[in-house]
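These notes are about the structure you will find just below.
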Amino acid sequence: MNTTTLSFEFFPPKTAEGMDNLRQTRAELAQFLPEFYSVTFGAGGSTRDRTMDTVYEIQQEGFQAAPHISCVSSSKAEIRDLLQAYQAHGIKRLVALRGDVPSGEVSSGDFKYAAELVAFIRAETGNHFHIEVAAYPEFHPEARTPAADILNLKRKIDAGANSAITQYFYNPDAYFRFVEQCAATGIHVPIVPGIMPIYNITQLARFSSICGAEIPRWLKLRLEEYGDDMASLRAFGIDVVSELCETLQVWGAPSLHFYTLNRSGVISNIIKNICE
Ligand code: FAD
Numbered sequence: 024m025n026t027t028t029l030s031f032e033f034f035p036p037k038t039a040e041g042m043d044n045l046r047q048t049r050a051e052l053a054q055f056l057p058e059f060y061s062v063t064f065g066a067g068g069s070t071r072d073r074t075m076d077t078v079y080e081i082q083q084e085g086f087q088a089a090p091h092i093s094c095v096s097s098s099k100a101e102i103r104d105l106l107q108a109y110q111a112h113g114i115k116r117l118v119a120l121r122g123d124v125p126s127g128e129v130s131s132g133d134f135k136y137a138a139e140l141v142a143f144i145r146a147e148t149g150n151h152f153h154i155e156v157a158a159y160p161e162f163h164p165e166a167r168t169p170a171a172d173i174l175n176l177k178r179k180i181d182a183g184a185n186s187a188i189t190q191y192f193y194n195p196d197a198y199f200r201f202v203e204q205c206a207a208t209g210i211h212v213p214i215v216p217g218i219m220p221i222y223n224i225t226q227l228a229r230f231s232s233i234c235g236a237e238i239p240r241w242l243k244l245r246l247e248e249y250g251d252d253m254a255s256l257r258a259f260g261i262d263v264v265s266e267l268c269e270t271l272q273v274w275g276a277p278s279l280h281f282y283t284l285n286r287s288g289v290i291s292n293i294i295k296n297i298c299e
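Those letters in the sequence shown? Residues 24 to 299, per our numbering, in order.
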């Protein structure tokens, strides 16, 4: 059996059908004994109640649930309420993020960057929560320079974060170089690679253009060549991502965090491949 620690990220469903689907996804992924399930949070609190409901349900099933909190457009009072609710429900882990202001809107919250949110969580709740933050092996699109982005990660760790989860990438060298440079900058917490399975090239290209994750040319061209043949595209994607995970494991990634998009099939295949 695989010895790598795993975690899985979900988004909070909008409908009862979506909640049912997510229950089935969790039931399938439970066989891999994840360390935790995390649940995303819409900037400005747009998914607040749905994120909380999903997190509490996961917790009731006996799993560790880690809500994401994005602070952009939120007030300190709103974040304080959330922290108190999570503490009262026995939540012990958070993913602390800045978030993105929806296009056309101007941020009006009390926090400008995630490091301020981490400092606020520590000031309000001491060491109650294990805090994860975001890291970017191919660098955040708004970062002035790669070095400035790494210094920002250091600020988040110095403010009290315990570990980081990365944006997804398909080039393992980007991750290894990043981890090396973080260590040289004095960052000594686990930096867990975020893994995005390949379901669909149009959707992947859209996500990647927003978040700055690169789809290597060879991979993009190969995926485009499959056209509407989704079964072959997914089979190829499973091979590519399994190999990426194996390389990350072999070279010492501390664990793997999967962006599930609330699905389990492709991910189960990848994990079975890397367990062989
Ligand atoms: P920050 O760490 O604040 O960094 C944002 C940018 O500002 C970077 O370019 C950084 O270099 C720069 N910066 C930071 N401090 C300064 C400074 N003092 N001066 C100048 N520049 C500075 N988004 C959501 O809305 N909800 C989610 O649930 C969610 N989950 C995520 C989970 C993971 C694992 C990851 C990797 C991302 C997630 N995101 C989510 C996306 C994230 O919110 C965006 O990438 C956002 O643009 C940046 O968030 P951050 O926490 O990295 O911000």
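From the three backbone atoms N, C-alpha and C, an ideal C-beta is built for every residue, glycine too.
Quick caveat: nothing in here was measured; it's all calculated off a predicted structure.
For the pair F33 and T283, the CB atoms are nearer than the 8 Å cut-off.
Residue state for V124 is assigned as coil, using DSSP reduced to three classes. Assignment of beta-bridge partners to S30 by DSSP yields F59 and H280. At a threshold of 7 Å, L120 counts as near the ligand FAD, since its beta carbon sits closer than that to one of the ligand's heavy atoms.
Taking 8 Å as the upper bound for CB-CB distance, V156 and K177 are not in contact here, some 11 Å apart. When DSSP states are grouped into helix, strand and coil, Q87 belongs to the coil group. For E51, there is no enclosing beta strand (DSSP E); the enclosing alpha helix (DSSP H) has its first and last residue at A39 to L52. Following the DSSP letters along the chain, one finds I188 inside the beta strand (DSSP E) bounded by residues S186 to Y191. With 16 or more other Cβ atoms inside 10 Å of its own Cβ, M75 counts as buried.
When the Cα atoms are used, G235 and S287 turn out to be separated by approximately 25 Å. The shortest CA-to-CA distance from R73 to any of D252, L105 and P195 is the one to L105. Annotation for V95: no alpha helix (DSSP H) segment contains it, and DSSP assigns it neither H nor E.
The C-alpha of D43 is placed about 36 Å away from the C-alpha of D133.
At a Cβ-Cβ threshold of 8 Å, A138 and N194 do not count as neighbours. Inter-residue distance for I154 and L117 is about 5 Å (C-alpha atoms, whole angstroms). Nearest C-alpha to D196 among I221, E237, T168 and V141: E237. Secondary structure note for A157: its beta strand (DSSP E) is the uninterrupted segment H153 to A158.
The alpha carbon of E84 has as its nearest neighbour, out of V62, S97, R46 and R103, the alpha carbon of R46. Where G288 is concerned, the enclosing alpha helix (DSSP H) starts and stops at G288 to C298.
Closer than 7 Å to some heavy atom of the ligand FAD: that does not describe the Cβ of Q110. The residue from A89, T77 and V141 with its alpha-carbon nearest to that of V95 is V141. DSSP places I180 inside the alpha helix (DSSP H), whose first and last residues are P169 to D181.
At the C-beta level, P90 and Y109 come within 8 Å of one another.
For I238, no alpha helix (DSSP H) run applies, since DSSP gives it neither H nor E.
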